[in-house]
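2 protein chains.
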Amino acid sequence: MPTRQPISLGLSMRYIGYHAASWRHPQAQPGAGSDFRHFVRLAQSAEAAKFDMLFLADGIGIRAKDAPPGALQQTAQSTVLEPLTLLSGLAAVTERIGLVATASTTYNEPFHIARKYASLDSISGGRAGWNIVTSWSEAEARNFGRDKHMDHGPRYARAAEFVEVVKGLWDSWDADAFVHDKASGTFFDPAKMHVLDHQGEHFRVRGPLDIPRSPQGRPVLVQAGASDAGIGIAAANAEVVYSVAHDLNGAKSYYDKVKNAVATAGRNPSGCKIMPGITTFIAPTETEAREKYEQLNALVPEALGLSYLYGQMGDLSGHDLDGPVPEPTDPAVRSIAKGLLALAQRDNLSIRQLYTTIAAGFGTRILIGTPRQVVDELEAWVEAGAADGFNLCPPVLPSAFDDFVAMALPELRRRGLFREEYSGTTLREHLGVTVPNSRYGGAVVPRE
Amino acid sequence: MPTRQPISLGLSMRYIGYHAASWRHPQAQPGAGSDFRHFVRLAQSAEAAKFDMLFLADGIGIRAKDAPPGALQQTAQSTVLEPLTLLSGLAAVTERIGLVATASTTYNEPFHIARKYASLDSISGGRAGWNIVTSWSEAEARNFGRDKHMDHGPRYARAAEFVEVVKGLWDSWDADAFVHDKASGTFFDPAKMHVLDHQGEHFRVRGPLDIPRSPQGRPVLVQAGASDAGIGIAAANAEVVYSVAHDLNGAKSYYDKVKNAVATAGRNPSGCKIMPGITTFIAPTETEAREKYEQLNALVPEALGLSYLYGQMGDLSGHDLDGPVPEPTDPAVRSIAKGLLALAQRDNLSIRQLYTTIAAGFGTRILIGTPRQVVDELEAWVEAGAADGFNLCPPVLPSAFDDFVAMALPELRRRGLFREEYSGTTLREHLGVTVPNSRYGGAVVPRE
Numbered sequence: 001m002p003t004r005q006p007i008s009l010g011l012s013m014r015y016i017g018y019h020a021a022s023w024r025h026p027q028a029q030p031g032a033g034s035d036f037r038h039f040v041r042l043a044q045s046a047e048a049a050k051f052d053m054l055f056l057a058d059g060i061g062i063r064a065k066d067a068p069p070g071a072l073q074q075t076a077q078s079t080v081l082e083p084l085t086l087l088s089g090l091a092a093v094t095e096r097i098g099l100v101a102t103a104s105t106t107y108n109e110p111f112h113i114a115r116k117y118a119s120l121d122s123i124s125g126g127r128a129g130w131n132i133v134t135s136w137s138e139a140e141a142r143n144f145g146r147d148k149h150m151d152h153g154p155r156y157a158r159a160a161e162f163v164e165v166v167k168g169l170w171d172s173w174d175a176d177a178f179v180h181d182k183a184s185g186t187f188f189d190p191a192k193m194h195v196l197d198h199q200g201e202h203f204r205v206r207g208p209l210d211i212p213r214s215p216q217g218r219p220v221l222v223q224a225g226a227s228d229a230g231i232g233i234a235a236a237n238a239e240v241v242y243s244v245a246h247d248l249n250g251a252k253s254y255y256d257k258v259k260n261a262v263a264t265a266g267r268n269p270s271g272c273k274i275m276p277g278i279t280t281f282i283a284p285t286e287t288e289a290r291e292k293y294e295q296l297n298a299l300v301p302e303a304l305g306l307s308y309l310y311g312q313m314g315d316l317s318g319h320d321l322d323g324p325v326p327e328p329t330d331p332a333v334r335s336i337a338k339g340l341l342a343l344a345q346r347d348n349l350s351i352r353q354l355y356t357t358i359a360a361g362f363g364t365r366i367l368i369g370t371p372r373q374v375v376d377e378l379e380a381w382v383e384a385g386a387a388d389g390f391n392l393c394p395p396v397l398p399s400a401f402d403d404f405v406a407m408a409l410p411e412l413r414r415r416g417l418f419r420e421e422y423s424g425t426t427l428r429e430h431l432g433v434t435v436p437n438s439r440y441g442g443a444v445v446p447r448e
Numbered sequence: 001m002p003t004r005q006p007i008s009l010g011l012s013m014r015y016i017g018y019h020a021a022s023w024r025h026p027q028a029q030p031g032a033g034s035d036f037r038h039f040v041r042l043a044q045s046a047e048a049a050k051f052d053m054l055f056l057a058d059g060i061g062i063r064a065k066d067a068p069p070g071a072l073q074q075t076a077q078s079t080v081l082e083p084l085t086l087l088s089g090l091a092a093v094t095e096r097i098g099l100v101a102t103a104s105t106t107y108n109e110p111f112h113i114a115r116k117y118a119s120l121d122s123i124s125g126g127r128a129g130w131n132i133v134t135s136w137s138e139a140e141a142r143n144f145g146r147d148k149h150m151d152h153g154p155r156y157a158r159a160a161e162f163v164e165v166v167k168g169l170w171d172s173w174d175a176d177a178f179v180h181d182k183a184s185g186t187f188f189d190p191a192k193m194h195v196l197d198h199q200g201e202h203f204r205v206r207g208p209l210d211i212p213r214s215p216q217g218r219p220v221l222v223q224a225g226a227s228d229a230g231i232g233i234a235a236a237n238a239e240v241v242y243s244v245a246h247d248l249n250g251a252k253s254y255y256d257k258v259k260n261a262v263a264t265a266g267r268n269p270s271g272c273k274i275m276p277g278i279t280t281f282i283a284p285t286e287t288e289a290r291e292k293y294e295q296l297n298a299l300v301p302e303a304l305g306l307s308y309l310y311g312q313m314g315d316l317s318g319h320d321l322d323g324p325v326p327e328p329t330d331p332a333v334r335s336i337a338k339g340l341l342a343l344a345q346r347d348n349l350s351i352r353q354l355y356t357t358i359a360a361g362f363g364t365r366i367l368i369g370t371p372r373q374v375v376d377e378l379e380a381w382v383e384a385g386a387a388d389g390f391n392l393c394p395p396v397l398p399s400a401f402d403d404f405v406a407m408a409l410p411e412l413r414r415r416g417l418f419r420e421e422y423s424g425t426t427l428r429e430h431l432g433v434t435v436p437n438s439r440y441g442g443a444v445v446p447r448e
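Chains as they are written, first to last, in full-length UniProt numbering: chain P, 1 to 448; chain F, 1 to 448.
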């Protein structure tokens, strides 16, 4: 048997959990999504469990009044904390676990992003990561002076240039630039400061950054590329890729595609870890696990459930929710409804069952079963070369995360798939990805 | 004798201290400006001393290669942490002290600022403040795609609208909006959510914010208005004003001007606290205090000192630094040099003495003496109605702050001028400024 490479595990902490009805769970604290103490408890639990990282997804706004009337006030999405402030707070009460915050290249400026993530990396002693997104909703556009979201082409062109600028700013200082010579009055060696002076299509940014080189050399770059343009950005930059995959073949095909693209971009494929999202319902018996799943599904309010179909299928509220999914009559909707309709017809789903598949995990892969059954699935994906780790998106926080730690983690460790202790102190060390070179050839190893 | 209103005290933590040579001080840790532990120690000391707030000034860039060659590498300004990330980290390791971060209205978007400060207010349990600035340097402009800094008029017009948008977003939710009714599936009462839908000259912002109403109702607004436009923004908004004043008459005249403007804007003048900046050198004897001052002044490198005169007087490096300050021959410089030249002639200062007056405190009022002498000055300003408190800008951190706590604070307390204990938990409670009304008339008192 070959020596196993331990997998990476991340905990995604969005809302009170990934299930749409999480806040109605009997054990849930509905206001926890904006309660710092809730996140401190999660972060410290995840660190005690030796997870690689915490992750915060993000949108910059609420899709207010877009959905059919009555749906918005049934969700917990109005109650969040802003990722960079939250993770900076958590940096102060944890010591080892990585801290990955999402920020949009469409609605930010590269100098701010370079500076804030370098600062978080410094505050945390080398544990910061940036999840690069381009955003997707009109709600975000309208919070930033635009009527519509940017089109895909220019949005990804902006993103690619944005990331180049941020990396350039992170190279502003060689790691040994700061000599701090009190006798001569020399604070830094000017030959080791680099002024980027970027002049591009989307940005003009002078630099240098006003923060010394970050403890990790650079914060870790994370991405979730699905389109060709997205995979292009991942190939050039990402050290972690969050993927969405529901079956082993699809996962393996995506894994191979990304790893090949990374190699084609001249990077070592092992320096890019692919981590599909999973939402787990775990119990000592399969029956109990399924009961946990059904209990939450029964709590999805009808208006909220229908809102998940609204964008693709229009308003279905006039139909029997336990009857078959109707073919849309509105020609504007008919073409985009195809995917959901095919799923409903294949599995013979009612309207209620169809929206529940979305409400239960928002696109992550759902695993329901005993610890052994769940870990069998994870191991199969790793063995098949379809995943380097997983981004855990528990349906309810903290209870479903506690279930994973109590039941799945010991089984993973028994099989040699996950660490017993941290061996390093930075997120790069946990992931096993190297410190990138500076574009200026200077030292990248931090001073002590 | 009337009952005294205790004064407010803030600690400004920029760099390793406000003196240009602070990092060369024998006790200074030159790298401390980007060392989180340095700031944790300061924050916890200031909280133990019952200070109202910590304050972080900010610029978004380094004035690289603007000064005469050789000056930049003699300053510690290349080594900072970003204010919002730093204060979010400090929020997690403190319990009472206020946290005021600077952010520019010229190089930010109101939705981000509203969201990040609401998040910091939530994380800290009601201790956040926003110091509103419009920035001033070309270096910042060039980090954000512009060649020049915006002109004063449009810059302040943008700032005024920016603040209105941020306040509007902070009113997105009434304090009692979140009913969290698990039985009915109602997370919030939609009548208590407010969509701003701002359409202005500089911004179009839809809202609502995706964070519940902040524990303070709104984060505290801080400003440092000097121009008429700046005082206008302070009058309409500021709950704290950081002022720059060197003599009692000037301080009193500014104080009266701001308080009158606040009243004219329809607000209670006692809801706007005016806090001049002070840089203190304190020792048991006046001679020792003066020695502390002279010791640091002797450490100002010549190129760095000359750089402080460069913008207004041109390059004086060809002159005898211990000789008189020459009248500039360059006609472009002659008119802007007037102020410094008049100061030099009035006090018969050499070039070295002139740049030292700037290097020693960057425009704050410098107080040198015994605890009694320093507190006499502070008391005189408070008694004369020239200050409601002070923003302490120690020349070296932490040592000069420790001096203030050990020597000046007991004297202030002996005179009944400063609190022995916190009586509240939020920054508003420390300052004694009320929670503002919501523009929609809804509840502003936070839920427990």
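In this text, a Cβ means the ideal position worked out from N, Cα and C, and glycines have one as well.
Integer-rounded CB distance, given that residue j should sit under 8 Å from residue i
i: Gly389(P); j: Ser12(P); result: Contact doesn't hold; Cβ gap of about 13 Å is too wide.
i: Gly89(P); j: Phe51(P); result: Wrong, their Cβ atoms sit about 18 Å apart, outside the cutoff.
i: Ile113(F); j: Leu397(F); result: In fact, because the Cβ distance is near 27 Å, the residues do not count as touching under 8 Å.
i: Gly207(P); j: Val195(P); result: 5 Å
i: Gly277(F); j: Asn391(F); result: 5 Å
i: Ala245(F); j: Arg213(F); result: Not quite, the Cβ-Cβ distance comes to about 36 Å (not below 8 Å), so this is no contact.
i: Lys257(F); j: Ile231(F); result: 7 Å
i: Ala141(F); j: Lys148(F); result: 6 Å
i: Ser34(F); j: Val80(F); result: 6 Å
Contacts of residue i in chain F (Cβ-Cβ under 9 Å)
i: Lys182(P); result: Trp23, Arg24, His25, Pro26, Ala28, Pro30 and Leu299
In DSSP terms, what residue i is bridged to
i: Gly126(P); result: According to DSSP, which records beta bridges pairwise, Gly126(P) is partnered with nothing at all.
i: Pro324(F); result: Ser350(F)
i: Ile366(F); result: Thr279(F)
i: Ile132(F); result: Ala103(F) and Gln223(F)
i: Lys257(P); result: None, per the DSSP bridge assignment.
i: Gly98(P); result: Met53(P)
i: Lys273(P); result: Val240(P)
i: Gly389(F); result: Ser8(F)
i: Asp181(P); result: Thr186(P)
i: His198(P); result: Val205(P)
Proximal chain F residues relative to residue i, where beta-carbon distance stays under 7 Å
i: Ile123(P); result: Phe36, Leu81, Thr85, Leu86 and Gly89
i: Pro212(P); result: Ser34 and Thr79
i: Pro219(P); result: Going along chain F, no residue has its Cβ under 7 Å from Pro219(P), so there is no contact; the nearest lies around 12 Å.
i: Pro68(P); result: Correct list: empty, because the minimum Cβ distance to chain F is about 13 Å.
i: Ser119(P); result: Leu81, Glu82, Thr85 and Leu86
C-beta contact flag for residue i and residue j at 8 Å
i: Phe188(P); j: Ser78(F); result: yes
i: Leu340(F); j: Gln312(F); result: yes
i: Gln74(P); j: Ala303(P); result: yes
i: Thr105(F); j: Phe162(F); result: yes
i: Leu248(P); j: Trp136(P); result: no
i: Val433(F); j: Gly318(F); result: no
i: Leu427(P); j: Gly126(P); result: yes
i: Gly153(P); j: Gly129(P); result: no
Within chain P, partners of residue i - CB distance below 9 Å
i: Thr102(F); result: Within 9 Å Cβ-Cβ: nothing; Thr102(F) doesn't reach chain P, min ~13 Å.
Where residue i meets chain P, residues with beta-carbon distance less than 8 Å
i: Lys257(F); result: The premise fails here: Lys257(F) is roughly 34 Å from chain P at the closest Cβ pair, so nothing lies under 8 Å.
Closer than 7 Å at the beta carbon, the chain P residues around residue i
i: Ile62(F); result: Pro208 and Asp210
Output needed in chain order: residues of the segment 79-93 of chain F with a Cβ under 9 Å from some Cβ in chain P.
Thr79, Val80, Leu81, Glu82, Pro83, Leu84, Thr85, Leu86, Leu87, Ser88, Gly89, Leu90, Ala91, Ala92 and Val93
With 7 Å as the limit, tell me which residues of the segment 146-161 of chain F have their beta carbon closer than that to any beta carbon of chain P; keep them in chain order.
none
Residues in the segment 184-208 of chain F having any Cβ partner in chain P nearer than 8 Å:
Gly185, Thr186, Phe187, Phe188, Asp189, Pro190, Met193, Val195, Phe203, Arg204, Val205, Arg206, Gly207 and Pro208
Along the segment 164-181 of chain P, where does the CB come closer than 8 Å to a CB of chain F? Name the residues.
Trp173, Phe178 and His180
Could you list the residues in the segment 39-51 of chain P with a C-beta less than 8 Å from some C-beta on chain F, going in chain order?
Val40
By the 7 Å beta-carbon criterion, what residues does the segment 278-295 of chain P contribute toward chain F?
none
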